[in-house]
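Following: one structure in structure tokens, then a few remarks.
There are 2 protein chains.
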Amino acid sequence: MADISTKRENNPEASDDFSQRTKKTKTDHEDGQGENGEESGKNVLSGFQTTTVLSDSAREKTIFVHGKLAEQNAVVILEKTPISEDTLSEIFTASTLTLDIRNDIYSTYRLQAPPHLNEMKVTVVCPATEKHVKKYQRQESFLVEETADDYQSITLPFIQKQSFSVQWVYNILEKKAESERIVFEDPDPKLGFVLLPDFKWDQKQLDNLYLIAITHRRNIKSLRDLTSEHLPLLQNILQKGKEAILQRYGLPASKLRVYLHYQPSYYHLHVHFTKLGYEAPGCGVERAHLLTDVIQNLHSDPDYYKTRTMSFSLRADDGLLSQFKEAGKL
Amino acid sequence: MADISTKRENNPEASDDFSQRTKKTKTDHEDGQGENGEESGKNVLSGFQTTTVLSDSAREKTIFVHGKLAEQNAVVILEKTPISEDTLSEIFTASTLTLDIRNDIYSTYRLQAPPHLNEMKVTVVCPATEKHVKKYQRQESFLVEETADDYQSITLPFIQKQSFSVQWVYNILEKKAESERIVFEDPDPKLGFVLLPDFKWDQKQLDNLYLIAITHRRNIKSLRDLTSEHLPLLQNILQKGKEAILQRYGLPASKLRVYLHYQPSYYHLHVHFTKLGYEAPGCGVERAHLLTDVIQNLHSDPDYYKTRTMSFSLRADDGLLSQFKEAGKL
């Protein structure tokens, strides 16, 4: 399903991303422009002509629609709002109920609430570019099984050819950006790392806690590069990362999921710390590797990750998938 | 978060589960009792007194509430309905929009839709027992790191003492139940298995495809029992399972996530086949183990799963968690 959340990638262009923009503009908005909806009182969406539904989620109650608004390309995103405890008693008293099914102690109803207690959030991108449309389009995923040879002959050349910029990572490590966001740092050039909240986490509640540890060492692209030589680094991140999170957020290690991604979003070694029970994007078995498992595997086989066949999922529009297809590997 | 979906477990009691009940009663409902809501036209929920919110999900737009209805214990579940493509044009024309933020090509609004286009689904359990309340209560999860010794001294005795019944599994293997649901069978007593849809899958669309392969061999409790001796069995399940799903559903292996759970829900070896991209419950890295990884690990170390420290998540009310706590392991 389409992902509205901010995700940082190799490509620094990605930082010009929608969620980040809205975050930035929350302050712009304070000066009060157009607070009361459309200037003319007109519902701007009444003229929207749907072209196609890009994606939707019955589970999350969202829909992403491509269409035309005043003859311009537009993407409209609808999302129902969470049900707030504060509004419950008013919902219970002021709504209309229709019985659907009754059996024994169980009944189901359809409920129509007063509109102000049951809003939707609408996001409009207009004019939308082809890139926006593609971004919100549901993408098929494919499981790739990458042998050690495939990594050398397909993945590694692809990574090198793209020469993805991780300048934003270096900016963090060098305190040229986001230094005020750093939760913990071990400055050691070989074993050290910077721990900071992921952009996906609004830091308002611990339920969806998400931090990233970024190594000071710059020559480790991913899990594939790790050998037993890196065990002190990995153990240091696990130990000090857990301690820092306990100290700052009061969350013990038994509440944390600590893992690496393969493939990662950017090729500079980093470790994810998320709250156990939070279904963070990318915590599925087809992408995540528990740091404790990585450490154990390298202990018993120094070249574990250099020799394994690694399975991961790639979206249909991922350049790496095309490379695997061209090589006849799918 | 609370799980409304049917899940089969060791304990056969679990089959007296809510989703199954609603499923069963959908036909009871056809005879039309009380179709038009409350007999008296009264909104039954207007008298509901909230005691506590058991759990909620901002992502899924659900809330589970415990309270009193006419002096009886009750659980009320609210869930917003998915946004349907069919209603989009009416939502766009007939709603009230309020501008929230505008910046460049991006704007966000709050939308108030006509109530009949924006319903909620309500489920009422009344009178509710303590068991219902507990079932819908949000449960904290804890990460447990089980060493090989912990398995022998804590987990194995716990499994044996519980002497969980897997009679429902034997009923399937012996064709005493659900034989009409079998998608594929290899009857070989050593290498064979039965493949059938999981209860969680309604089989209406492939998006959330979920099948289970259950081994004919009865002496393998879980991943912990597997050694290289079982490689032919595991490879047989992987190969023939994938072939059967391709043949029956047209879904190739590159669209499948094939994995085992540790801890499993019941201690008779079984393998999960789910559609890649479907965030199936239990596909997270803290519970799922890709079958291809299991096979590789046993190839390089016949006792891999007998010797490893295994990490998994347990709910606060899980008896096994108490055992680990009593042993001072958390």
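Protein chains in written order, with my numbering: chain B, 1 to 330; chain L, 1001 to 1330. For every residue, glycine included, the Cβ atom is placed at its ideal position computed from N, Cα and C.
Give every residue of the same chain whose Cβ lies closer than 8 Å to the Cβ of residue i, excluding the five residues on either side of it in the sequence, and list them in chain order.
i: Leu1321 (chain L); result: Phe1142, Val1144, Leu1314, Arg1315 and Leu1330
i: Leu1196 (chain L); result: Ile1172, Glu1178, Arg1181, Ile1182, Val1183, Leu1211, Ile1212 and Ile1214
i: Glu140 (chain B); result: Arg315 and Ala316
i: Leu1290 (chain L); result: Arg1257, Val1258 and Tyr1259
i: Tyr1151 (chain L); result: Arg1224 and Met1310
i: Arg1110 (chain L); result: Leu1097, Thr1098 and Asp1100
Please confirm whether residue i has its beta-carbon closer than 7 Å to some beta-carbon of chain B.
i: Ala1288 (chain L); result: yes
i: Arg1110 (chain L); result: yes
i: Pro1157 (chain L); result: no
i: Ser1254 (chain L); result: yes
i: Glu1085 (chain L); result: yes
i: Pro1115 (chain L); result: yes
i: Val1271 (chain L); result: no
i: Ala1058 (chain L); result: yes
i: Gly1277 (chain L); result: yes
i: Thr1147 (chain L); result: no
i: Ile1063 (chain L); result: yes
i: Ile1004 (chain L); result: Since pLDDT at Ile1004 (chain L) reaches only 38, below the 50 mark, its modelled position is unreliable, and the value read off the structure follows with that caveat. Output row for Ile1004 (chain L): interface = no.
i: Phe1312 (chain L); result: no
i: Ser1046 (chain L); result: yes
Any beta carbon from chain L within less than 7 Å of residue i's own beta carbon?
i: Gly282 (chain B); result: no
i: Thr50 (chain B); result: yes
i: Gly332 (chain B); result: Residue 332 (chain B) lies beyond the residue range present for chain B, which begins at 1 and ends at 330; the question has no answer from this structure.
i: Val124 (chain B); result: yes
i: Val133 (chain B); result: no
i: Lys68 (chain B); result: no
i: Pro187 (chain B); result: no
i: Ser107 (chain B); result: yes
i: Thr227 (chain B); result: no
i: Leu260 (chain B); result: no
Where does residue i sit, in a helix, a strand or coil, going by DSSP?
i: Asn1236 (chain L); result: helix
i: Ala1213 (chain L); result: strand
i: Val294 (chain B); result: helix
i: Leu195 (chain B); result: strand
i: Gln1049 (chain L); result: strand
i: Phe164 (chain B); result: coil
i: Val1285 (chain L); result: coil
CA-CA distance, residue i and residue j?
i: Leu191 (chain B); j: Val271 (chain B); result: 13 Å
i: Ser1254 (chain L); j: Phe1273 (chain L); result: 12 Å
i: Tyr1106 (chain L); j: Trp168 (chain B); result: 24 Å
i: Ala1288 (chain L); j: Asp1225 (chain L); result: 16 Å
i: Gly1328 (chain L); j: Leu238 (chain B); result: 21 Å
i: Phe1199 (chain L); j: Ala1113 (chain L); result: 35 Å
i: Lys325 (chain B); j: Phe1193 (chain L); result: 32 Å
i: Lys1242 (chain L); j: Thr87 (chain B); result: 48 Å
i: Met120 (chain B); j: His1132 (chain L); result: 31 Å
i: Lys240 (chain B); j: Glu185 (chain B); result: 9 Å
i: Ile91 (chain B); j: Ser1095 (chain L); result: 19 Å
i: Gly1319 (chain L); j: Ser1165 (chain L); result: 16 Å
i: Val1294 (chain L); j: Ala1244 (chain L); result: 21 Å
i: Val285 (chain B); j: Thr155 (chain B); result: 20 Å
i: Pro1115 (chain L); j: Gln1072 (chain L); result: 30 Å
i: Arg102 (chain B); j: Asp1301 (chain L); result: 56 Å
With a cut-off of 8 Å on the beta carbons, I'd call residue i and residue j a contact; round off their distance for me.
i: Pro82 (chain B); j: Ala1058 (chain L); result: 4 Å
i: Gln296 (chain B); j: Arg1308 (chain L); result: 6 Å
i: Tyr1262 (chain L); j: Met1310 (chain L); result: 6 Å
i: Leu231 (chain B); j: Tyr278 (chain B); result: Going by Cβ atoms, the distance from Leu231 (chain B) to Tyr278 (chain B) rounds to 28 Å, so no, they are not a contact pair.
i: Ser222 (chain B); j: Pro157 (chain B); result: Going by Cβ atoms, the distance from Ser222 (chain B) to Pro157 (chain B) rounds to 15 Å, so no, they are not a contact pair.
i: Lys1080 (chain L); j: Lys80 (chain B); result: 4 Å
i: Leu1078 (chain L); j: Val1122 (chain L); result: 6 Å
Apart from the five residues just before and just after residue i, which ones in its own chain have a Cβ nearer than 7 Å to its Cβ?
i: Leu276 (chain B); result: Lys255, Leu256 and Arg257
i: Tyr951 (chain L); result: Since the first residue shown for chain L is 1001 and the last is 1330, residue 951 (chain L) is missing from the structure and cannot be characterised.
i: Pro332 (chain B); result: No answer is possible for residue 332 (chain B): the residues shown for chain B start at 1 and end at 330.
i: Gln1323 (chain L); result: Ile1154 and Phe1158
Note down, in chain order, each residue of its chain lying with its Cβ closer than 6 Å to the Cβ of residue i, except the 5 sequence neighbours on either side.
i: Val65 (chain B); result: Thr50, Val53 and Val76
i: Leu1069 (chain L); result: Phe1048 and Cys1126
i: Leu1233 (chain L); result: Leu1191
i: Tyr1305 (chain L); result: Leu1223, Arg1224 and Leu1226
i: Ile1220 (chain L); result: Leu1269
i: Ser1228 (chain L); result: Leu1298 and Pro1302
i: Thr1062 (chain L); result: Glu1079
i: Glu1038 (chain L); result: Confidence at Glu1038 (chain L) is low in this model, with a pLDDT of 44, below 50, so the placement of that residue should be treated as unreliable; the coordinate-derived value is given next. If we look at Glu1038 (chain L) and ignore the five residues flanking it on each side, its Cβ neighbours are Val1044.
i: Ala1148 (chain L); result: Thr1307
Is the closest heavy atom of the ligand COA to the C-beta of residue i under 6 Å?
i: Leu88 (chain B); result: Ligands displayed in this structure: none; no statement on the ligand COA is therefore possible.
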